[in-house]
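Residue numbers (the UniProt record's numbering): 1 to 174.
Spelled out as structure tokens, the structure:
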């Protein structure tokens, strides 16, 4: 990366910074608009980076203060796998828990509070498919399940992330 590219990257991050701070808002309208604005400002870098590299620093936003406990657990698996899945990614009128806009793959954590209506989730998945996206779902209990310490078998979320990396090329090890 030359000095001009470094300067552009710094300027882009400075432009996104106000949105990154607003993403932590308790007001959902403010948070959702900030997410849309943040990713709109980052879109060029994300697209240029491609499906297997981060276009922006994945820690530019303090996601741990935004995530639910099940999203936080899955985020740890995503980062451990070095998969490129952007948190709270906007797609049309929706937000997916984690998405890669270049590969058009999304991962949803189905917690009890927000995903009781399976028909609504199926309809939403169909709308996302019409927009060209693949959607993978994990239950909340799957998201928080750890690796089996006795057998060293990877957790269900980590196995799914590994499969997505192979099938969609969304990580450095893909």
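We put the beta carbon where it would ideally sit given N, CA and C, even for glycine. Remember, it's a predicted structure, so these values are computed and weren't measured experimentally.
Excluding sequence positions up to five away, which residues of its chain have a Cβ less than 6 angstroms from the Cβ of residue i?
i: residue 32; result: none
i: residue 158; result: 77
i: residue 204; result: The displayed coordinates of the chain run from 1 to 174. Any statement about residue 204 would go beyond what the structure contains.
i: residue 2; result: none
Buried or exposed for residue i, going by 16 or more other Cβ atoms inside 10 Å?
i: residue 59; result: exposed
i: residue 6; result: exposed
i: residue 70; result: buried
i: residue 64; result: exposed
i: residue 97; result: buried
i: residue 20; result: buried
i: residue 34; result: buried
Between residue i and the rest of its own chain, which residues show a CB-CB distance below 8 angstroms, the 5 nearest in sequence each way excluded?
i: residue 30; result: 22
i: residue 99; result: 85, 86, 89, 91, 105, 106, 107 and 133
i: residue 146; result: 155
i: residue 42; result: 12, 16, 55 and 56
Short check: CB of residue i to CB of residue j, under 9 angstroms?
i: residue 72; j: residue 170; result: no
i: residue 24; j: residue 62; result: yes
i: residue 101; j: residue 46; result: yes
i: residue 110; j: residue 139; result: yes
i: residue 117; j: residue 137; result: no
Beta-carbon within less than 7 angstroms of residue i's beta-carbon, same chain only, minus the 5 sequence neighbours each way: which residues are those?
i: residue 174; result: Residue placement at residue 174 is poorly supported in this model, since its pLDDT is 47, which falls under 50; the coordinates are not used for a value here.
i: residue 161; result: 77, 78, 81 and 83
i: residue 128; result: 91, 94, 106 and 135
i: residue 131; result: 91 and 92
i: residue 142; result: 156 and 157
i: residue 36; result: 90
Of all the options the options, which has the alpha carbon lying nearest to the alpha carbon of residue i?
i: residue 12; options: 38, 34, 26 and 27; result: 38
i: residue 28; options: 117, 126 and 66; result: 66
i: residue 103; options: 125, 74 and 168; result: 168
Residues bridged to residue i by DSSP?
i: residue 91; result: 94
i: residue 136; result: 107
i: residue 100; result: 105
i: residue 83; result: 171
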